[in-house]
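Engineer:
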Amino acid sequence: MVSAPPRLVIAAPASGAGKTTVATGLMAALRAKGNTVAPVKVGPDYIDPGYHALATGRPGRNLDPVLVGEDLIAPLFLHSAGDADLAVIEGVMGLFDGKVGAGGFGSTAHVATLLGAPVLLVVDARGQGRSLAALLSGFRSYDPAVRLAGVILNQVGSDRHEEVLRAACDEAGLPVFGALRRGAEVSLPSRHLGLVPAIEHGAAAVRAVEAMADLVARSVDLDAVVRLAGSAGSLGGVEAWAPELAVVGHPVVALAGGAAFTFGYAEHGELLRAAGAEVVVFDPLSDAALPAGTAAVILPGGFPEQHGTALSANALLRKEIAEFAGSGGIVSAECGGLLYLAREVDGQPMCGVLPAVGGMGPKLTLGYRDAVASADSVSYLAGERVTGHEFHRTVLTPAQGTTPAWHWRGVDGRPVAEGFSLDRVHASYLHTHPAARPDAIARLVAAASEGIK
């Protein structure tokens with residue numbers, strides 16, 4: 070049995086308070102002091118974990134009760150953090166913000182209670198004085214199950230401002246673990262879906278993480294943070310999640326990676342390998358061919374719309390993927406992978422596997438979806454249900470008469486048909502977490518194995 074490591078949650082009253090800067094800087098600063106730090110992100114975020122990985126030297130992991138269910142949160146946490154000295158868990162949005170209309174289910178507070186983890190609240194203190202005490206008192210008393218243990222002040226204007234804020238925290242009965250001064254921000258470029266992924270930002274991302282670590286080390290009491298993490302509660306003998314599947318074959322599964330395809334979960338590759346697959350990562354930006362012996366292609370999400378020229382220029386690979394799919398090859402694609410399979414994106418030719426055209430849209434599409442499989446595919450049987458997440462600003466215009474991958478009800482109650490299920494191609498905007506449906510992974514590997522002689 071894996072023991073539960075010390076752990077704490079970095080949360081905030083709202084988005085934009087500085088959670089990512091503090092959490093990433095804290096991970097890197099604690100690592101610099103000789104700690105093995107396990108990085109965790111609450112929710113379906115694919116960008117922050119990339120910076121967490123730079124800070125800790127370990128894969129960034131996600132915990133999302135909406136996608137995987139409450140019962141898997143502690144096992145998945147132990148799987149990712151059981152061998153670490155401590156875990157730093159970055160929250161999502163405001164502390165109590167979860168799935169809309171679900172009473173905080175999937176929120177940072179929800180995950181903190183499931184893990185028995187104390188919470189540090191990062192507060193953007195611009196324009197605040199003694200009124201901070203009222204805000205903190207409200208957050209502290211809102212849900213008694215959440216252990217709000219302290220505050221990290223951000224955007225502090227001066228010594229006098231810090232004195233006033235610390236007095237307000239005293240009034241609210243919450244200790245201050247650190248204070249970050251205004252003007253010490255660590256800037257990272259962003260675009261339509263948030264920060265630019267670390268792999269795209271390159272050396273600048275490494276420098277930014279180093280700057281975050283330096284800022285946190287100068288501004289936060291790291292020893293006090295470690296002591297707080299050590300006060301986390303027991304997980305009651307929970308066993309670590311283990312990707313144990315019956316070995317159903319030994320196919321080569323080509324998994325797209327590189328700067329254009331960064332939206333994925335580490336558990337995906339682990340489950341594929343557990344089912345017997347040989348997972349070979351390829352980069353559609355630079356590799357002229359699929360890996361030798363490819364029996365299935367997996368195209369995760371990412372930003373193909375930002376790399377359209379380079380993806381389109383790699384005509385040899387686009388042609389091979391089109392021929393592979395056309396000859397009955399297995400292709401599974403989510404979001405960015407869906408776009409890559411289209412005829413074109415913003416005028417740039419893509420693989421042409423799907424009878425659809427993609428491009429940037431006028432607004433962000435964001436939210437959880439309770440979906441039903443529209444037809445049998447290599448991963449799902451018609452009628453099977455999944456919970457997934459949409460996160461894109463592109464739109465796809467499909468041809469009429471195609472079989473969708475999923476059906477669900479929109480927020481207005483109207484039926485939605487989304488994605489494509491064509492032969493052995495399954496492509497959709499919907500992101501799913503593979504740990505929630507390991508049977509889908511086993512089916513894909515088994516189907517890929519059928520073609521191996």
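Numbering-wise, this note's numbering puts 149 at position 80 of the sequence shown, and it's gapless, one number per residue. No residue lacks a Cβ here, since even glycine has one placed at the ideal position from N, Cα and C. The structure displayed is predicted, hence computed values, not measured ones.
#1: Skipping 5 residues on each side, what residues in its chain have a beta carbon closer than 6 Å to that of Gly87?
#2: In this structure, does DSSP put Lys102 in helix, strand or coil?
#3: Once the 5 residues before and after Val285 are set aside, which same chain residues still bring their CB inside 6 Å of it?
#4: Using alpha carbons as the reference points, say which of Ala394, Asp508, Pro108 lies closest to Ala315.
#5: Which residues does DSSP list as the beta-bridge partners of Leu222?
#6: Rounded to whole angstroms, what is the Cα-Cα separation between Val106 and Asp117?
#7: Take the Cβ of Leu385 as the centre, count every other Cβ of all protein chains shown within 10 Å, and call the residue buried at 16 or more, exposed below.
#8: Provide the residue span of the beta strand (DSSP E) that contains Ile399, from first to last.
#9: Using a Cβ cut-off of 7 Å (strictly closer), state whether Glu279 contacts chain B.
#10: Determine the direct distance from the alpha carbon of Asp133 to that of Pro113, and round the result to whole angstroms.
#11: What number of angstroms, rounded off, separates the C-alpha of Gly416 from the C-alpha of Leu380?
#12: With three or more beta-carbon pairs closer than 8 Å as the criterion, would you say the region 437 to 450 touches the region 407 to 415?
#13: So the beta strand (DSSP E) Pro266 belongs to, where does it begin and stop?
#14: Return the residue from the list His121, Arg250, Arg127, Ala293 that minimises the CA-CA distance to Ala274.
#15: Counting C-beta neighbours from all protein chains within 10 Å, is the total for Ser303 16 or more, i.e. buried, or is it exposed?
#16: Using only CA atoms, which one of Val220, Ala346, Ala272, Ala241 lies nearest to Gly247?
#17: From which residue to which residue does the alpha helix (DSSP H) around Ile116 run?
#18: What is the DSSP secondary structure of Arg454, counted as helix, strand or coil?
#19: Sorted by chain position, which residues of the same chain lie with C-beta nearer than 7 Å to Ala178's C-beta, five sequence neighbours on each side aside?
#20: Let me know if Ile85 comes out buried or exposed under the rule of 16 or more other beta-carbons within 10 Å of its beta-carbon.
#21: Which two residues bound the contiguous beta strand (DSSP E) that contains Phe351?
#22: For a minimum of 4 consecutive residues, which ranges assigned as the alpha helix (DSSP H) are wholly contained in the region 125 to 172?
#23: When DSSP builds the beta bridges, which residues end up paired with Arg493?
#24: Can you tell me where the beta strand (DSSP E) with Tyr437 in it begins and where it stops?
#25: State the Cα-Cα distance for the pair Ile390 and Ile79, rounded to the nearest angstrom.
#26: Can you tell me whether Glu313 is helix, strand or coil according to DSSP?
#27: At what residues does the beta strand (DSSP E) containing His34 begin and finish?
#28: Whole beta strand (DSSP E) runs in the region 351 to 394 with 3 or more residues, listed along the chain?
#29: Taking the Cβ atom as the reference point for each residue, do Ala394 and Val422 lie within a distance shorter than 7 Å?
Structural biologist: So, from the data block:
#1: Same-chain partners within the cutoff: Val191, Asn223.
#2: Reduced to three states, the DSSP call for Lys102 is coil.
#3: Within the same chain, Gly94, Leu95, Ala98 come within 6 Å of Val285 by CB-CB distance, once the 5 residues on both sides are set aside.
#4: Comparing Cα-Cα distances from Ala315 to each of Ala394, Asp508, Pro108, the minimum goes to Asp508.
#5: Answer by DSSP bridge pairing, in chain order: Val192, Ala248.
#6: Answer to the nearest angstrom: the Cα atoms are 15 Å apart.
#7: Burial call: exposed.
#8: 399 to 403 is the span of the beta strand (DSSP E), which, as asked, contains Ile399.
#9: Reference to chain B is not applicable here, since this structure consists of a single protein chain.
#10: Linking Pro113 to Asp133 through their CA atoms gives a straight-line distance of about 6 Å.
#11: One Cα belongs to Gly416, the other to Leu380, and the distance between them is close to 12 Å.
#12: Judged by Cβ distances under 8 Å, the region 437 to 450 makes no contact with the region 407 to 415, as fewer than three pairs qualify.
#13: Neither: Pro266 is in no beta strand (DSSP E) and is coded neither H nor E.
#14: Among His121, Arg250, Arg127, Ala293, the Cα nearest to that of Ala274 belongs to His121.
#15: Classification of Ser303: exposed, given that the 10 Å Cβ count is below 16.
#16: Among Val220, Ala346, Ala272, Ala241, the Cα nearest to that of Gly247 is on Val220.
#17: Here Ile116 belongs to no alpha helix (DSSP H), and DSSP marks it neither H nor E.
#18: The answer is strand: DSSP assigns Arg454 an E or B state.
#19: Setting aside the 5 residues that flank it on each side, Ala178 is surrounded in the same chain by Leu164, Phe165, Asp212, Val215, each with a C-beta closer than 7 Å to its C-beta; the list follows chain order.
#20: First, the amino acid is wrong: residue 85 is Gly here, not Ile. The residue in question, Gly85, is exposed, as its Cβ has fewer than 16 Cβ neighbours within 10 Å.
#21: Counted as a single uninterrupted DSSP element, the beta strand (DSSP E) harbouring Phe351 occupies residues 347 to 351.
#22: For the region 125 to 172, whole alpha helix (DSSP H) runs of length 4 or above, ordered along the chain, are 134 to 137, 142 to 150.
#23: Looking at the DSSP assignment, Arg493 forms no beta bridge with any residue, so it has no partner.
#24: Element bounds for Tyr437: 425 to 442.
#25: Cα-Cα distance, rounded: 42 Å.
#26: Reduced to three states, the DSSP call for Glu313 is coil.
#27: Lying outside 70 to 522, the shown extent of the chain, residue 34 is not represented and no answer is given.
#28: The DSSP assignment places complete beta strand (DSSP E) segments of no fewer than 3 residues inside the region 351 to 394 at 363 to 368, in order along the chain.
#29: Closer than 7 Å, so yes.
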